[in-house]
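Report on the structure given below.
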Amino acid sequence: MGEPGSTKFQTDLRRHLRDSDVERNLVMLICELAEASKYIINSIRTGDLGVAGTSNLYGEDQLALDVLSDRIMQKRLKNSGVVASVVSEETDEIICFECEDGPCYSVAYDPLDGSSLVDVNLAVGTIISIHRGNNLLQKGRDQVAALYILYGPRTTLVYSVGDGVHEFAMNHLMEYTLTRENITIDNSGGIYSPGGQRNLYTSGTEKYVLSLEESGHKLRYSGGFVPDINQLLMKGKGVFFYPHLQGRPQGKLRMLYELNPMAFLVEHAGGAASNGCKPILDIEPSGIEMCSPVFIGSSKDVAAAEEFISAE
Ligand code: AHG
Ligand code: MN
Ligand code: MN
0 MGEPGSTKFQ
10 TDLRRHLRDS
20 DVERNLVMLI
30 CELAEASKYI
40 INSIRTGDLG
50 VAGTSNLYGE
60 DQLALDVLSD
70 RIMQKRLKNS
80 GVVASVVSEE
90 TDEIICFECE
100 DGPCYSVAYD
110 PLDGSSLVDV
120 NLAVGTIISI
130 HRGNNLLQKG
140 RDQVAALYIL
150 YGPRTTLVYS
160 VGDGVHEFAM
170 NHLMEYTLTR
180 ENITIDNSGG
190 IYSPGGQRNL
200 YTSGTEKYVL
210 SLEESGHKLR
220 YSGGFVPDIN
230 QLLMKGKGVF
240 FYPHLQGRPQ
250 GKLRMLYELN
260 PMAFLVEHAG
270 GAASNGCKPI
280 LDIEPSGIEM
290 CSPVFIGSSK
300 DVAAAEEFIS
310 AE
């Protein structure tokens, strides 16, 4: 890996994808998504922070920013000509597009994860999962690419096509240039991010938290899935979980466009992602609305969670 500041680190996203022999239509698709992020940034910085007056298929109130970000993404994906179908956190069903010149791809995305944090000026992100062909209900292990864009103090994009995990930062010209290549996550340590209401944790999860505290893990939780996962990847250690809760056995996070893409990235960085008993990437999605408990990050910390959950 070159030194930051060397020519390698002037590499832009398109060049990096091409140098990695990524298929031409997939290069174009990922670059289109990177372009879409520039319009989402603008809507976050200046857009309406109010509610849209509608709700998503989880019955959650949609913010104007959710709907606007979704429209920005859908338009780009439709016009790309290489996308056969899409589904997002803000759509009630799978939407089909014209894809003339194959290979075609299907995209599941969360256009603005953590949108309720924008009005308190915390970091939010866009999460994207890409499959080959027109079937969006494939297992996460069959994804051909996953990426997220993090709108924080810096705007960064992290992607993997299964050949390492790489970070790009947006420069003053709004171009994404390489900042970290082949990111890896250690097998344990550092921080833990406990999602969900603590008083609804089951006994196994409660014991797991105590064990993390006893081993010196520090609590770091922003309430935004993208910055919380990004922190584990960039610090190279730690664990995030949004577990099964009393009265909410499937937890909150959504398989297709939150858990599968993040699990793909974390596994390709050497980490692990589990629903408490099996890898997230090996779970057959039952439908577009599927949610699952998740323990994701350093492999030993995730394995420890599985121990406590299996013993409960
Ligand atoms: P979204 O804003 O797309 O609905 O997702 C929010 C998610 C995720 O970002 C975060 O990890 C989780 O909600 C936090 O949930 P709680 O507010 O229940 O902690
Ligand atoms: Mn989300
Ligand atoms: Mn969202």
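The opening position of the sequence shown corresponds to residue 0 in numbering that gives the first Met the number 0, with each subsequent residue numbered one higher.
Glycine included, C-beta positions come from ideal geometry on N, C-alpha and C.
The beta-bridge partner set that DSSP reports for histidine 165 consists of Tyr158. Restricting attention to Gly163, Met173, Gly188, Gly194, the CA atom closest to the CA of isoleucine 182 is found in Gly163. Between ligand 1 and lysine 251, a heavy atom-to-CB distance of less than 7 angstroms is present. Per DSSP, the continuous beta strand (DSSP E) segment holding alanine 83 begins and ends at 82-87. Judged by the Cβ position, aspartate 65 qualifies as a neighbour of ligand 3 at the 7 angstroms threshold, a heavy atom of the ligand being closer than this. Contact between the segment 225-238 and the segment 190-206 is established, with three or more Cβ pairs separated by less than 8 angstroms. Glutamine 61 carries a strand assignment under DSSP once its states are collapsed to helix, strand and coil.
Using a 10 angstroms sphere on the CB of glutamine 245, the tally of other CB atoms stays under 16, which defines it as exposed. Excluding sequence positions up to five before and after histidine 243, its CB lies within less than 6 angstroms of the CB of Gly250, Pro292, all in the same chain and listed in chain order. Residue Val81 holds the alpha-carbon nearest to the alpha-carbon of leucine 25 among Val81, Arg219, Ser309.
Uninterrupted beta strand (DSSP E) stretches at least 3 residues long and entirely within the segment 204-254 occur at 238-241, given in chain order. Here the C-alpha atom of alanine 168 lies approximately 41 angstroms from the C-alpha atom of serine 202. Residue state for glycine 139 is assigned as helix, using DSSP reduced to three classes.
For tyrosine 147 and lysine 299, the gap between their C-alpha atoms comes out near 24 angstroms.
A direct Cα-to-Cα measurement between arginine 70 and serine 285 gives close to 26 angstroms. The beta carbons of tyrosine 207 and phenylalanine 307 sit about 4 angstroms from each other, so the pair counts as a contact at 8 angstroms. Proximity to aspartate 112 across Asp281, Gly222, Ala304, Cys103 peaks at Gly222, based on C-alpha coordinates. Around the beta carbon of leucine 280, 16 or more other beta carbons sit within 10 angstroms, so the residue counts as buried. The C-beta of alanine 271 has 16 or more other C-beta atoms within 10 Å across all chains shown, which makes the residue buried. Excluding residues up to 5 positions away in sequence, nothing lies with its Cβ nearer than 6 angstroms to the Cβ of glutamate 266 in the same chain. The C-beta distance from alanine 122 to proline 260 rounds to 17 angstroms, too long to meet the 8 angstroms contact threshold. Separation of the CB atoms of glycine 269 and alanine 304 is rounded to 17 angstroms, and the pair is thereby denied contact status at 8 angstroms. Counted as a single uninterrupted DSSP element, the stretch harbouring serine 298 is not any beta strand (DSSP E) but the alpha helix (DSSP H) occupying residues 298-309. With contacts defined by Cβ atoms closer than 8 angstroms, asparagine 133 and alanine 51 do not form a contacting pair. Of all alpha-carbon atoms in His216, Ser159, Leu64, the one lying nearest the alpha-carbon of asparagine 41 is that of Leu64.
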